[in-house]
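Just so you know, the sequences run in chain order G and R. Sequential numbering of the first sequence, starting at 31, is according to my numbering. Sequential numbering of the second sequence, starting at 31, is according to my numbering. Right, one structure below, let's go through it.
There are 2 protein chains.
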Amino acid sequence: MSLLVTGSIGIDSVQTPFGKVEGVLGGSASYFSYAASFFSPVRLVGAVGPDFPKEFLELLKSRDIDIEGLDIRPHSKTFRWGGNYTGDMNEAITTDLQLNVLAETPPTIPESFRDSDFVFLANTSPALQLDLLSQLNGPKMIVADTRDHWITENRDDLLALLPKITGLVLNDFEASILTGLDNMVAAGQSILELGPRFVVVKKGAHGCLLFEGSNICALPAYPTNKVKDPTGAGDCFAGGLMGYLASNELVSFTALRRAIGFATVVASFAIEDFSLARLQQISFDDIRARLEEFRTLSSF
Amino acid sequence: MSLLVTGSIGIDSVQTPFGKVEGVLGGSASYFSYAASFFSPVRLVGAVGPDFPKEFLELLKSRDIDIEGLDIRPHSKTFRWGGNYTGDMNEAITTDLQLNVLAETPPTIPESFRDSDFVFLANTSPALQLDLLSQLNGPKMIVADTRDHWITENRDDLLALLPKITGLVLNDFEASILTGLDNMVAAGQSILELGPRFVVVKKGAHGCLLFEGSNICALPAYPTNKVKDPTGAGDCFAGGLMGYLASNELVSFTALRRAIGFATVVASFAIEDFSLARLQQISFDDIRARLEEFRTLSSF
Chain G
31 MSLLVTGSIG
41 IDSVQTPFGK
51 VEGVLGGSAS
61 YFSYAASFFS
71 PVRLVGAVGP
81 DFPKEFLELL
91 KSRDIDIEGL
101 DIRPHSKTFR
111 WGGNYTGDMN
121 EAITTDLQLN
131 VLAETPPTIP
141 ESFRDSDFVF
151 LANTSPALQL
161 DLLSQLNGPK
171 MIVADTRDHW
181 ITENRDDLLA
191 LLPKITGLVL
201 NDFEASILTG
211 LDNMVAAGQS
221 ILELGPRFVV
231 VKKGAHGCLL
241 FEGSNICALP
251 AYPTNKVKDP
261 TGAGDCFAGG
271 LMGYLASNEL
281 VSFTALRRAI
291 GFATVVASFA
301 IEDFSLARLQ
311 QISFDDIRAR
321 LEEFRTLSSF
Chain R
31 MSLLVTGSIG
41 IDSVQTPFGK
51 VEGVLGGSAS
61 YFSYAASFFS
71 PVRLVGAVGP
81 DFPKEFLELL
91 KSRDIDIEGL
101 DIRPHSKTFR
111 WGGNYTGDMN
121 EAITTDLQLN
131 VLAETPPTIP
141 ESFRDSDFVF
151 LANTSPALQL
161 DLLSQLNGPK
171 MIVADTRDHW
181 ITENRDDLLA
191 LLPKITGLVL
201 NDFEASILTG
211 LDNMVAAGQS
221 ILELGPRFVV
231 VKKGAHGCLL
241 FEGSNICALP
251 AYPTNKVKDP
261 TGAGDCFAGG
271 LMGYLASNEL
281 VSFTALRRAI
291 GFATVVASFA
301 IEDFSLARLQ
311 QISFDDIRAR
321 LEEFRTLSSF
């Protein structure tokens with residue numbers, strides 16, 4: 031089944047206690063696409079400037095990622111982000127932010143992508159997420175990400191989006207401010223009442239919770255001490271989730287649980303190095319092997 | 031196999047967003063004993079004053095908890111604690127603290143308890159934990175709890191204790207200050223180097239991590255929105271853990287994983303009401319049924 035992602039594509043500079051990189055590939059749609067491409071072909075929609083390095087384009091193309099929806103704007107500049115992680119590396123301090131092309135008219139979904147079955151709307155304003163949705167011909171499954179800024183500043187748009195999507199993926203802090211609830215089980219169940227068929231609450235190093243109807247699935251994170259750079263972990267999680275679902279027609283609760291298992295494992299590889307460096311070293315066999323290991327590590 | 035616990039026995043007053051109780055049974059050894067008694071007989075060592083309510087004594091005795099080691103001091107007063115939970119209820123604000131008997135000479139272990147096979151040293155000063163250990167005739171397994179105060183103020187004593195115990199149970203904040211590490215996998219592994227054969231890092235609503243040699247087990251918490259009072263959850267966790275182990279002679283890694291599964295489930299019942307109210311309503315069958323449900327909820 032076809033899988034479409036809309037989101038940011040950027041050039042990142044990141045510093046963590048374990049090293050530093052400059053000018054690496056970043057952005058939610060980049061991470062998502064690469065992660066999902068282990069499972070399924072991906073259609074990418076985003077915009078960059080002419081400064082976007084050719085090698086990044088080649089990297090994406092090498093992974094069965096269709097970049098027909100990549101709008102390379104001659105008079106613009108690529109989104110740039112700089113971040114610094116300290117301590118427990120739960121959140122980056124933004125040291126540089128150049129929206130550039132992200133502050134312009136958003137890209138449109140090309141005609142050839144409008145029949146996509148599975149759609150991931152990476153974090154952006156919910157008004158834009160709604161607009162992107164309106165360009166599609168009734169996808170089978172729509173999953174969206176969001177963040178604190180949209181929850182507090184664009185709440186009405188977000189509440190209009192939620193009944194139109196199949197699933198919402200967000201972190202525990204976001205779930206808490208969206209619902210006003212501190213208990214994540216109560217928060218997840220309360221978000222279901224806002225419209226989506228399922229909700230995944232990501233808790234970083236503490237794993238995730240999946241809610242669908244009265245069903246719950248709780249997974250720990252893959253236990254690792256090799257965390258070099260958490261940037262993009264959430265987007266890789268979403269990529270693993272949606273990639274797995276798109277490769278399996280039947281979206282049952284069993285498929286959703288399996289999907290968050292794969293999502294956890296893909297994210298666990300991604301954080302072992304900067305940008306997409308670690309994902310570039312692994313194959314689907316490595317993911318499958320770690321999924322089995324993860325199953326053993328979390329059984330009792 | 032015989033199971034001994036040493037720790038506090040108190041009278042608590044607790045307020046949470048879900049209610050308020052005054053003068054209920056509290057203390058680490060009370061919670062531990064009751065939780066462990068679902069699996070194994072328990073020998074309790076602690077001290078109280080004559081103000082300790084008779085109904086609390088009867089409650090303990092009704093559970094196959096041997097109170098021969100309970101020192102009821104005629105001229106003393108029982109330890110009292112008052113706490114208030116707000117927000118995400120991760121930690122209580124202490125509103126009342128009367129050490130009373132806990133500030134006096136600690137109780138000794140009665141002769142008839144000195145041959146105990148399994149021993150849990152609930153949170154107290156590591157010097158006292160060492161002293162209690164010296165009164166025992168070579169137990170098969172010794173597990174200790176500790177807390178931030180002892181880690182920072184009595185570090186040398188704690189470091190002297192760690193090589194003498196089989197297992198250490200502590201929360202993520204304590205693991206972090208003990209090791210200086212924010213990554214809980216790195217912290218758990220680093221504590222193993224300080225002496226104990228296994229370490230359990232408890233993460234409250236985020237589950238727990240078990241370390242033994244190069245083995246790791248990661249479990250989520252039992253997902254629930256029915257959290258009325260988290261007081262004693264850690265001691266009930268330890269009670270479930272040790273009770274299960276004491277009821278099974280072979281302490282393999284498989285037994286330890288199963289033990290933290292049971293520990294998680296017992297704690298999940300305890301937090302559903304104040305003090306021991308919820309545990310008083312359930313049977314071992316309820317624990318076993320929830321263990322199976324928990325296994326389903328956390329499989330993928």
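In this text, a Cβ means the ideal position worked out from N, Cα and C, and glycines have one as well. Since the model is a prediction, treat every value here as computed from it, not as a measurement.
- Cβ neighbours of G:Asp126 within its own chain (closer than 6 Å, five residues either side excluded): Gly112.
- By the rule that beta-carbons nearer than 7 Å mark a contact, G:Val215 touches chain R.
- Going by C-alpha positions, R:Ser244 is about 19 Å away from G:Glu302.
- One finds Val215, Leu239, Ile246 and Ala248 in chain G with Cβ atoms closer than 7 Å to the Cβ of R:Pro253, taken in chain order.
- Distance from the CA atom of G:Gly210 to the CA atom of G:His179, rounded to whole angstroms, is 15 Å.
- G:Tyr252 and G:Arg320 have their C-alpha atoms some 9 Å from each other.
- Cβ-Cβ distances below 8 Å link G:Thr254 to Ser298, Ile301 and Glu302 in the same chain, with the five nearest sequence neighbours on each side left out; the list follows chain order.
- Within chain G, no C-beta atom comes less than 9 Å from the C-beta of R:Leu224; the nearest is roughly 16 Å away.
- According to DSSP, G:Ala174 shares a beta bridge with G:Leu151 and G:Leu198.
- The region 195–215 of chain R makes contact with the region 228–236 of chain R; the number of CB pairs closer than 8 Å reaches 3 or more.
- When DSSP states are grouped into helix, strand and coil, G:Asn245 belongs to the strand group.
- Under the three-state reduction of DSSP, R:Gly76 is assigned to strand.
- Distance from the CA atom of G:Met272 to the CA atom of R:Arg287, rounded to whole angstroms, is 31 Å.
- When C-alpha distances from G:Val231 are compared across G:Val295, G:Leu224, G:Glu242 and G:Gly218, the shortest belongs to G:Gly218.
- Proximity of G:Asp126 to chain R, defined by a Cβ-Cβ separation below 7 Å, is not satisfied.
- Residue state for G:Lys232 is assigned as strand, using DSSP reduced to three classes.
- CA-to-CA, the gap between R:Ala268 and R:Tyr64 works out to about 11 Å.
- Proximity of R:Leu327 to chain G, defined by a Cβ-Cβ separation below 7 Å, is satisfied.
- Bounds of the beta strand (DSSP E) holding G:Ser43 are Gly40 to Thr46.
- Cβ-Cβ distances below 7 Å link R:Ala285 to Leu275 and Asn278 in the same chain, with the five nearest sequence neighbours on each side left out; the list follows chain order.
- For R:Ala190, the closest alpha carbon among the candidates R:Pro169, R:Arg318, R:Ser164 and R:Leu55 is that of R:Ser164.
- G:Phe292 is positioned such that its CB atom lies no closer than 7 Å to that of G:Gly264.
- In the DSSP annotation of this structure, G:Gly113 is not part of any alpha helix (DSSP H); the continuous beta strand (DSSP E) holding it starts and ends at Phe109 to Asn114.
- When CB distances to chain G are screened at a threshold of 8 Å, not a single residue of the region 135–152 of chain R falls below it.
- Straight-line spacing of the CA atoms in R:Ser60 and R:Ala77 works out to 11 Å.
- For the alpha helix (DSSP H) assignment, the uninterrupted runs of no fewer than 4 residues enclosed by the region 255–320 of chain R are, from N- to C-terminal side, 263–276 and 283–300.
- For the pair G:Val75 and G:Phe304, the CB atoms are not nearer than the 7 Å cut-off.
- Nearest Cα to G:Leu34 within the set G:Arg103, G:Gly168 and G:Asp212: G:Gly168.
- Between R:Asp187 and R:Ala152 a beta carbon distance of about 16 Å is seen, past the 8 Å cut, so the two are scored as non-contacting.
- Taking 7 Å as the CB threshold, R:Arg288 lines the interface with chain G.
- Taking the Cβ atoms as the reference, G:Arg73 lies roughly 10 Å from G:Asp94, outside the contact range of under 8 Å.
- The closest CA to that of R:Phe86, considering only R:Asn114, R:Glu121, R:Gln128 and R:Asp42, is found on R:Asp42.
- Nearest Cα to G:Arg227 within the set G:Asp161, G:Leu249, G:Lys170 and G:Asp259: G:Lys170.
- Spatial neighbours of G:Val257 in its own chain (CB-CB distance under 7 Å, excluding positions within 5 residues in sequence) are listed in chain order as Met119 and Ile301.
- Interface flag for G:His236 against chain R is set, since a Cβ pair is found closer than 7 Å.
- The C-beta separation of R:Asp175 from R:Val44 comes to about 20 Å, leaving the pair out of contact by the 8 Å criterion.
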